[in-house]
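Asks:
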Amino acid sequence: MSGPKTRWNAGGRDLEALFAEAAKHKGESLWQDAWRRLKANRAARCALVFLAVFGLTALLAPALPIPSPVTLDLQLEPQPPVAPWTSFGDHGFEPDYWDLSAPDRALVALRQAVFGDWQTGPWMGTDAKGRDILARIVWGSRTSILVALAAALCSLAIGVTYGALSGYLGGRVDNLMMRVVDILYSIPFIFLVIFLITIVNEYRIELEDNFGIDREVVFYVVIGAIYWLTMARVVRGQVLALRKAEFIEAARVQGASTRRILFLHLVPNVLSVVIVYLTLTIPAVMLFEAFLSFLGLGIEPPKVSWGLLAVDGSESINPIRIYWWLIVFPAAAMGATLLALNVLGDGLRDALDPKLRGKD
Amino acid sequence: MAFSPAPRWLRQGAALAILIGLAAAGASVLGAARLPRADFVLNNATEIQSLDPHTVTGIPEGRVMRAIYEGLTVKHPETLAALPGMAESWEVSDDGLHYRFHMRAGAVWSDGEPIDARDFAFAWCRLLSPETAAEYAYQLWCVEGAEAWTLLPDDRMYRVADGTWWQEIAPGRYRVGFSAFSTNRHGQPLHRESATPPPSDPRFPNNPSTHSVGDWMFAKWLPYGVLAPFRAEGAPGPAVANELPPDSRGEVRSGMYDEHWVFEVEPTAEELATLRLLSAAEFRDFAWRREVGIQASEDGTTLDVTLRQPTPYFLDLCAFYPLFPVSEKAIERAKERWPSSWRIEWLKPEHLVTNGPYRVAFRRVNDRIRLEKSPSYWDADHIAFDTIDLLAVDHLGTSLNLYLTGEVDWIDRPIAGVIPRLLPREDFNPAPYLGTYFYRVNITQPPFDDVRVRRALALSIDRRAVCEKITKSGERPSYSIVPRSLDGYVGGEMRHSTSEATYEANFAKDLEEAQRLLVEAGYGPDGAEFPTFEILYNTDQTHKDIAEVLADGWSKQLGIDAKTLNQEWKVYLDSQRSLDYQVSRSAWIGDYLDANSFLDMWMTGNENNRTGWGNERYDELIRAAAAEPDVAARQRLFDEAETILMEELPVLPIYDYTSRNLANPRLGGFAGNALDEHFTKFWYWMDDAELAEKRAQQPSDWVRVPARGPSAGKYPPAGRDAVIRCTLPGVDR
Amino acid sequence: MVVERSAILMLRFLARRLLWFAITLFVVVTVSFFLMRAVRGGPFDGERALNPAIEANLQARYHLDWPQWKQYLAYIGPFNLDDEGPRFLGGDGTRPWSGVLAGDFGPSFKYRDFTVNDIIGQSLPISAALGAIALAWALLLGLGAGVASALWRGTRTDVALRLAATTGIALPNFVIAGFLVILFVFLLPWLPVAGYGTPAHLILPGFALGAPFAAYIARLSRTGMLEVLHQDYIRTARAKGLPERLVILRHALKGGILPVISYLGPATAGILTGSLVIERIFAIPGTGSHFVNSALNRDYTLAMGVTILYTVLVYALNTLVDLAYTLLDPRIDLEDES
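These protein sequence lines are chains A, B and C, in that order.
Read in order, the letters of the first sequence are residues 1 to 360 in our numbering.
Read in order, the letters of the second sequence are residues 361 to 1093 in our numbering.
Read in order, the letters of the third sequence are residues 1094 to 1431 in our numbering.
In structure tokens form, the structure reads like this:
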């Protein structure tokens, strides 16, 4: 950052002010325009609000007056939902959780201070171990969202760097880097996953003791590290188109380093595509988590995730007795969230894509 | 430069061709797939490993094997008593060591060739031979010389002298094995001929057993249990010999029951000349005749078997699939026709030769095995079903749905969630099953090296909650490693409260005891904090549920923090084997109706022990029981051994299994038995009259379900009265 | 002359692709081979531990007692690895060729009555039949919905179609399969619950398998169509007074489905090799289950076989897609491809 600044100073205050103003204008126009268009899109707005509410619920789960998601009360079979107007709540709350982080414990304490041992009734029924489905969905959303965000961000970091570099350098290097991506595409996922699970399990104790990292987190970061391939391709395509653009030439003439050009000039310009793609990666990771749960390789109890709930629910489909609440509610929560993410992604694309701008 | 677009007709033509191709492929695939429904369809739950009875292990495999092959005996579907199979009759010597089987006259293979004792000798030899690499070879190790036969190193050429084998490993250099068939650990000879003392050499006052080849002398000093080779000229004198340290020479290879010595020497040409040169095949043949207690008579009418120790369940074992015969001629034919791929070719349905009630008509991986009645089977008159399908559906929900929609007639594992709804139904018949569900504890690590800790854990398991709320089909809480469903076995249970009237009261007392034990071991409010530990289990819903409940219970009752750790099957096995766990979910299913099946695995160093536990007295008892011909005395030895095991608790018993068969109520000849083994041979469809009769006898509160299948029934050609009728068992519902 | 030049270009393109294909395959095979053996557990581990001697016999029978590099060489090609040293083209003496280079994937460790070639030969047509059904209706529904929703952008139809399409991506396929079973098997007893044998058995799994693809195709074709509909040549066509139907079918559709085509390459590979979840739930004996089960069973040869199958399919289909591109869009040049 210091390089150009010195030059501007050398050029005098006027020039600097001019640059600053120009920069301000440019920044305003793209993002503000996008924001305006996003707000105009009713579906995207709804999706945004929905996601915000859901995210907040997930964040504040420990403070909500819902039953503990892990307290066992073994039943012969799952108990059906009871309508809120029949049984709104009771006083049976037990502060029973797995190892919580300090902020979460504080939230639980807050909850006990405010609500005491009052908790909501089984509005969405319970599973065969007597655990409240609503509580499990809310707590499951934390895992699922965390997992998805961790993986998506990880894929973002690797994919954008790799793709931008490949596209910017071009030529043989680009060719080689893309072939590497091709090769990685062809290696079946599942081997890598099983391999990684084994490795992470092996070092779980070291990880927790030395770095305080949950093995789930590690695991999903690594999953994200697999998901970067498509991101790299997308970014590379965009950069390829941009790298001959005049403002890049200008930066190069000015003597800016490759790193500087990449991250200061190229990446911000492909951001719109990246954001759109990100909103598609998050659902993909959530579905992948569900798939792993289906194989029994997913999250470890007593923790809970949507994938786990969906698997438990879909196991119970048979003509003797359909415990519909086990499948319908988790599926609805998952479906609604992913739907909102997709709608938001569409809205963002429409809002950010310059080619579509002004054509509505 | 642009690539000129293809003409439109080409593009459209290509698209059309692709579509037609896809459709044709689809149609042809489906056309080939069409099979009429079999008389009886069961879900075998998985694709079996092989159709070769000698290389498979596992319950689904067993079902197929029993349908297409037949051993010397078959089992009664209800009592599991041995009935004549390929052997018409048999005699057992008084000491229980010698069996003579009289073969069934006129029995043939499915290709029409006669089958006799020689086929069994061949098959058993094949089962034991190292090149077959049979996992279940050890099932036949109760036969004299059989174990050594499996363990015999097998490389190229041998020179054989009395009691030693010589194998050239480098020019002039030989590996010599001193009696691969030596004595077992208790000094009892396994070698029939060496049962008479070997000639002693006057030069050695300690009277070692010796063998000499030319100038080479091999001496085994019994007091030391050591073998040394030396040249007769300038041999070490008695004094030196007596002071040889026990592991001075050669390499000692030990198996479970015996040890033998292998070492390298460089003999002279003259010495070599005194040895007979045999090819590997000749050598094996030589060794087989000399050492292994399985001999078929010349005419093939009788088979003589000599056991190395009394084996009360040997006749049952003869009905166990590793001991089934395979056709030597068929294998030889395959070897000739497909020199490189015969291992696979002879097992293809169109080439496979079998001797059982059914033969394989069709097979598709992960889909089904279609069996059809074998017309050449000796007892074909008593076989009812013409075709049977065994599906390989592994998804439990799908399997249940297939049964409930009538596409499958029998499944053995409904999903646990619906069991409460199935219990009142007439088609669900859980029965006690010879299996135990337990947790292994790795006793090599603190805090679990302390028996008080293990006892505390064992006492505070709420077994009834597990049985009633998780497994749900009438399992029994277990306090011992041998299931109580074993007839006539008492055994030792772990100490727990039985004085109170109710389970709750007893459990409460046990909990108190557990808490007291933990304090005694130095944990609790005044002592150290109990370290967090992990419960290892393999990926499965029931295992997960039980681990969660146990972890919850231990944390609530004892204030111990237990986490669960899920590993996929192969990693889980590896963790267990390398003792890389703390507490691990386990189970054991008996192969035969004998307590030994559950007890010998806990001997020190046994590969199935996997807890790090070992107890000398226990090992002694199990070995003594193996050599004990008297049933009552054997029982007492087992009792004492199990008592020791349950006192030390390297394993925490949880419950005894029940089988969970869900079968069409019209199915006859089908019973629940302790091994949960079922025999296609005896199955038939009841007609409406018999079904009504059966229903009249069952409790009135059982819910009737539609009985699919022919209302006129399907009985064997021998007639309606020629079938074996079984009563269905029951556990408390 | 144009044709000749384009033929040369085409050949060069294919040759380059082939070269890269060989490199990719080599890397994939090598990496998978060693990765798989690096994971704990082996093909013969079972609940009952084997006697060490018996285990050694088994290992020897499948050459697992060899050092890994030797196993690798034997797996790859016709190298005779006996004591006399590698002897090229010698095989094991019983047949002239062996190994992957000869198209022989060896015997399966788990299903011992079959070679990997047998297993793939049996299951791939089944997966392909199912995949063809799934793909056909995914294309039909996806393209239809996508185009309709682009044409009527912003209307209720658009919103409804997009909602339906997004649901296809928003639910795990085992949940979709579950709902389908409840609906069409239990509530309306129209279709068999699972299994394989008649065309009716393939309807539900085909639907469930195709759902996410249909949804994706709908989204892609909508975007593609929207972009094309703003192009000048469409405006020209309209200005000429061509009927709207012709404008859409003749002109817009061709450009609009380009993104769908590029998506179809990998999608077809995925769909043809089957889906573990769908195949398990509907008990279809296809290839999909082998991808996961072979890895879980440590069935090394089968796992390698399906990996190679997948790589070949992905590569071949991607190449086809690139060729299709040039057929559909004259502006794209094969030379630009890299």
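We treat Cβ as the ideally placed atom computed from N, Cα and C, and that holds for glycine.
1. Count the C-beta pairs between the stretch 1335-1354 of chain C and the stretch 1370-1390 of chain C that are closer than 8 Å, then say yes if the count reaches three, no if not.
2. At 8 Å on the CB atoms, spell out the chain C contacts of B:Ser-410, in chain order.
3. Name, in chain order, the residues that DSSP records as bridge partners for B:Glu-1053.
4. In chain A, what lies closer than 7 Å to B:Thr-924 by C-beta?
5. Determine the chain C residues that contact A:Thr-198 at a beta-carbon separation under 7 Å, and present them in chain order.
6. Using the beta-carbon of each residue, which ones in chain A are nearer than 7 Å to C:Asn-1245?
7. Whose C-alpha, out of B:Trp-929, B:Pro-1076, B:Arg-994 and B:Ala-1049, is nearest the C-alpha of C:Gly-1135?
8. Residues in the same chain with beta-carbon distance under 8 Å from A:Ala-225, minus the five sequence neighbours each way, listed in chain order, please.
9. Taking Cβ-Cβ distances below 8 Å as the criterion, which residues of the stretch 1284-1314 of chain C are in contact with chain B?
10. Count the other CB atoms within 10 Å of the CB of B:Lys-435; is the residue buried (16 or more) or exposed (fewer)?
11. Leaving out the 5 sequence neighbours to the left and right, which residues in its chain are closer than 7 Å to B:Asp-1048 when beta-carbon positions are compared?
12. Which class does B:Phe-788 belong to by DSSP, given the choice of helix, strand or coil?
13. Should C:Ser-1242 be listed as close to the ligand SAH, given that the test is whether its C-beta is under 6 Å from any heavy atom?
14. Which of the residues in the stretch 1147-1170 of chain C, read from start to end, lie with their CB under 7 Å from any CB of chain B?
15. If you compare alpha carbons, which of C:Ala-1222, C:Ala-1146, C:Gly-1398 and C:Ala-1243 is closest to B:Glu-491?
16. What residue range does the alpha helix (DSSP H) around B:Ala-865 cover?
17. For B:Tyr-883, name the three-state secondary structure that DSSP assigns.
18. Are A:Ile-183 and C:Val-1120 touching if we call contact CB-CB under 7 Å?
19. What are the residues that DSSP puts in a beta bridge with B:Met-463?
20. Among the residues of its own chain, which have a CB less than 6 Å from the CB of B:Phe-461, if the five just before and after it don't count?
21. Using beta carbons (cut-off 7 Å, strictly below), is A:Pro-188 in contact with chain C?
22. By the 10 Å Cβ neighbour count, where 16 or more other Cβ atoms means buried, how is C:Leu-1233 classified, buried or exposed?
23. Along chain B, in chain order, which residues have C-beta atoms closer than 9 Å to that of A:Ala-128?
24. Could you tell me which chain A residues have their CB closer than 8 Å to the CB of C:Gly-1271, listed as they occur along the chain?
25. Could you list the residues in the stretch 1367-1386 of chain C with a C-beta less than 7 Å from some C-beta on chain A, going in chain order?
26. Kindly indicate the opening and closing residues of the beta strand (DSSP E) around B:Val-468.
27. Do A:Leu-309 and A:Pro-330 have their beta-carbon atoms positioned less than 7 Å apart in this structure?
28. Let me make sure I understand the geometry here. Which of A:Thr-86, A:Trp-98, A:Leu-76 and A:Pro-84 has the alpha-carbon closest to that of A:Pro-69?
29. Starting from the beta carbon of B:Gly-757, find every residue of chain A whose beta carbon is closer than 9 Å, and list them in chain order.
30. When you compare each of B:Arg-836, B:Leu-933 and B:Asn-1024 to C:Arg-1141 by their alpha carbons, which one comes out closest?
31. Check whether chain B comes within 7 Å of C:Arg-1331, counting only Cβ atoms and requiring the distance to be less than that.
32. In chain C, which residues lie with their C-beta within 7 Å of the C-beta of A:Ala-151?
33. Please confirm whether C:Ile-1275 has its beta-carbon closer than 7 Å to some beta-carbon of chain A.
34. Which residues share a DSSP beta bridge with B:Ala-656?
35. In chain C, what lies closer than 9 Å to B:Thr-714 by C-beta?
36. Assign A:Ala-332 to buried or exposed, taking buried as 16 or more other Cβ atoms, counted over all protein chains shown, within 10 Å of its Cβ.
Replies: If we stick to the structure as given:
1. With a cut-off of 8 Å, the stretch 1370-1390 of chain C and the stretch 1335-1354 of chain C do not count as touching, because too few Cβ pairs lie within range.
2. Counting from one through the second sequence, the residue named residue 410 of chain B turns up at place 50. What B:Ser-410 touches in chain C: Tyr-1204, Arg-1205 and Asp-1206.
3. If you number the second sequence from 1, residue 1053 of chain B lands on position 693. For B:Glu-1053, which the question treats as bridged, DSSP gives no partner whatsoever.
4. For the purposes of this step, residue 924 of chain B is taken as the residue at position 564 of the second sequence. What B:Thr-924 touches in chain A: Glu-300 and Pro-301.
5. Taking the first residue of the first sequence as 1, we reach residue 198 of chain A at position 198. Counting only Cβ-Cβ distances below 7 Å, A:Thr-198 has contacts in chain C at Val-1132 and Arg-1133, in chain order.
6. Looking up residue 1245 of chain C in the third sequence gives position 152. The residue you asked about is not Asn; residue 1245 of chain C is Trp in the sequence shown. Ordered by position in chain A, no residue passes the 7 Å Cβ test against C:Trp-1245, which lies about 14 Å from the chain.
7. Taking the first residue of the third sequence as position 1, residue 1135 of chain C is located at position 42. For the residues B:Trp-929, B:Pro-1076, B:Arg-994 and B:Ala-1049, the minimum Cα distance to C:Gly-1135 belongs to B:Trp-929.
8. Translated into positions along the first sequence, residue 225 of chain A becomes position 225. Answer for A:Ala-225: Cys-154, Ser-155 and Ile-158, listed in chain order.
9. Within the stretch 1284-1314 of chain C, the qualifying residues are Pro-1285, Val-1286, Ala-1287, Gly-1288, Tyr-1289, Gly-1290, Thr-1291, Pro-1292 and Leu-1295.
10. Counted from its first residue, the second sequence places residue 435 of chain B at position 75. With 16 or more other Cβ atoms within 10 Å, it is buried.
11. Reading the second sequence from its first residue, position 688 is the one you call residue 1048 of chain B. Excluding five sequence positions before and after B:Asp-1048, the CB atoms of its chain that fall closer than 7 Å to its own CB belong to Ser-1071, given in chain order.
12. Position 428 of the second sequence, counted from the first residue, corresponds to residue 788 of chain B. B:Phe-788 falls in the strand class under three-state DSSP.
13. Inclusion of the ligand SAH in the displayed structure is not the case, the ligand content being empty and no account of it being possible.
14. For chain B, the residues of the stretch 1147-1170 of chain C that bring a beta carbon within less than 7 Å of one of its beta carbons are Ile-1147, Asn-1150, Leu-1151 and Arg-1154, in chain order.
15. Position 131 of the second sequence holds residue 491 of chain B. For the residues C:Ala-1222, C:Ala-1146, C:Gly-1398 and C:Ala-1243, the minimum Cα distance to B:Glu-491 belongs to C:Ala-1146.
16. If you number the second sequence from 1, residue 865 of chain B lands on position 505. Start and end: 863-880.
17. As a position in the second sequence, residue 883 of chain B is number 523, starting the count at 1. Strand.
18. Counting from one through the first sequence, the residue named residue 183 of chain A turns up at place 183. Counting from one through the third sequence, the residue named residue 1120 of chain C turns up at place 27. Yes; because the gap between Cβ atoms is below 7 Å, this pair is in contact.
19. As a first step, residue 463 of chain B is located in the second sequence; it is residue number 103 there, counting from the start. DSSP lists B:Ala-447 as partners of B:Met-463.
20. Your numbering for residue 461 of chain B matches position 101 in the second sequence. Closer than 6 Å at Cβ, skipping near neighbours: Leu-432, Ala-447, Trp-450 and Leu-663.
21. Here the question's residue 188 of chain A lines up with position 188 in the first sequence. Output row for A:Pro-188: interface = yes.
22. Against the third sequence, residue 1233 of chain C aligns to sequence position 140. So C:Leu-1233 ends up on the exposed side.
23. Stepping through the first sequence from its first residue, residue 128 of chain A is reached at position 128. Listed by position along chain B, the residues whose Cβ is nearer than 9 Å to that of A:Ala-128 are Ala-776, Gly-777, Lys-829, Ile-830 and Asp-905.
24. Along the third sequence, one-based indexing puts residue 1271 of chain C at 178. What C:Gly-1271 touches in chain A: Gly-313, Ser-314, Ile-317 and Ile-327.
25. For the stretch 1367-1386 of chain C, the set of positions with a beta-carbon nearer than 7 Å to some beta-carbon of chain A reads Val-1370, Phe-1384 and Val-1385 in chain order.
26. Here residue 468 of chain B is taken as the residue at index 108 of the second sequence, counted from 1. Counted as a single uninterrupted DSSP element, the stretch harbouring B:Val-468 is not any beta strand (DSSP E), since DSSP gives it neither H nor E.
27. Residue numbering aside, residue 330 of chain A sits at position 330 when the first sequence is read from its first letter. Residue numbering aside, residue 309 of chain A sits at position 309 when the first sequence is read from its first letter. A:Pro-330 is a Cβ neighbour of A:Leu-309, given a cutoff of 7 Å.
28. Residue mapping note: residue 69 of chain A aligns to position 69 of the first sequence, counting from 1. Out of A:Thr-86, A:Trp-98, A:Leu-76 and A:Pro-84, the CA that lies nearest to the CA of A:Pro-69 is found in A:Trp-98.
29. The residue given as residue 757 of chain B occupies position 397 in the second sequence. The contacting residues are Ser-314, Glu-315, Ser-316, Ile-317 and Asn-318.
30. Residue mapping note: residue 1141 of chain C aligns to position 48 of the third sequence, counting from 1. Shortest Cα-Cα distance from C:Arg-1141 to any of B:Arg-836, B:Leu-933 and B:Asn-1024 involves B:Leu-933.
31. On the third sequence, residue 1331 of chain C is found 238 positions in, with the first residue counted as 1. Answer no: the Cβ-Cβ gap between C:Arg-1331 and chain B never drops below 7 Å.
32. The count along the first sequence starts at 1 and reaches residue 151 of chain A at position 151. In chain order: nothing, as chain C lies at least about 16 Å away.
33. Looking up residue 1275 of chain C in the third sequence gives position 182. Taking Cβ atoms only, chain A reaches closer than 7 Å to C:Ile-1275, which makes this a yes.
34. Taking the second sequence and counting its residues from 1, the one referred to as residue 656 of chain B is at position 296. According to DSSP, B:Ala-656 bridges with B:Leu-663.
35. Taking the second sequence and counting its residues from 1, the one referred to as residue 714 of chain B is at position 354. Chain C residues near B:Thr-714: none, gap ~13 Å exceeds 9 Å.
36. Taking the first residue of the first sequence as position 1, residue 332 of chain A is located at position 332. Classification of A:Ala-332: exposed, given that the 10 Å Cβ count is below 16.
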